[in-house]
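In this note's numbering, the protein residues as written are 17 to 190.
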């Protein structure tokens, strides 16, 4: 199987969007990337960065292995992939808090026509803080009740069930 077939196998699994398939997706992308597939390098970067899982779980906030993701993005960018250059800039600005390195990659991607990179350069470091606040806001969900609250609710229910027959007996005998 050649690199492009391995990449296609990983893409096919990823398109199904099942979190349980992530290890197999990573295996296909890694094999394809190691065999020289530039698109696989970029997709592997996304997966390692944690973005693929977050997308599958419908989340904005994510974390992952940023060092290895950066390594694969850089390989793809060095092979001429302007999207990977943008992704590397985004990783440096949004996750590694390294705006000076991010600018280098954004400029490279912008020079290749990536409008997203141009926009990020225009927004500057202030755009990073805004995106982080927005992502955190979009990911806010109602917290499930704590186990302490759930435990006290159960205790109250047991007390009511135990005391109700006693109260009924007292009411009926008076």
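All C-beta atoms in this analysis are idealised placements derived from N, C-alpha and C, irrespective of residue type, glycine included.
Query: Coil, strand or helix - residue 17 by DSSP; Result: coil
Query: 7 Å CB neighbourhood of residue 69 in its chain, flanking five on each side removed; Result: 35, 38 and 78
Query: Inter-residue spacing [alpha-carbon to alpha-carbon] between residue 109 and residue 118; Result: 5 Å
Query: Per-residue burial, residue 97 [other beta carbons within 10 Å of its own, 16 or more giving buried]; Result: buried
Query: Nearest candidate by alpha-carbon position, reference residue 99, set 152, 129, 120 and 45; Result: 129
Query: Rounded straight-line distance, which links the Cα of residue 126 to that of residue 132; Result: 8 Å
Query: Own chain residues within Cβ distance below 6 Å of residue 59, not counting five before or after; Result: 45
Query: Nearest to residue 63 (by Cα), restricted to the options 95, 27, 138 and 51; Result: 27
Query: DSSP state of residue 73 mapped onto helix, strand, coil; Result: coil
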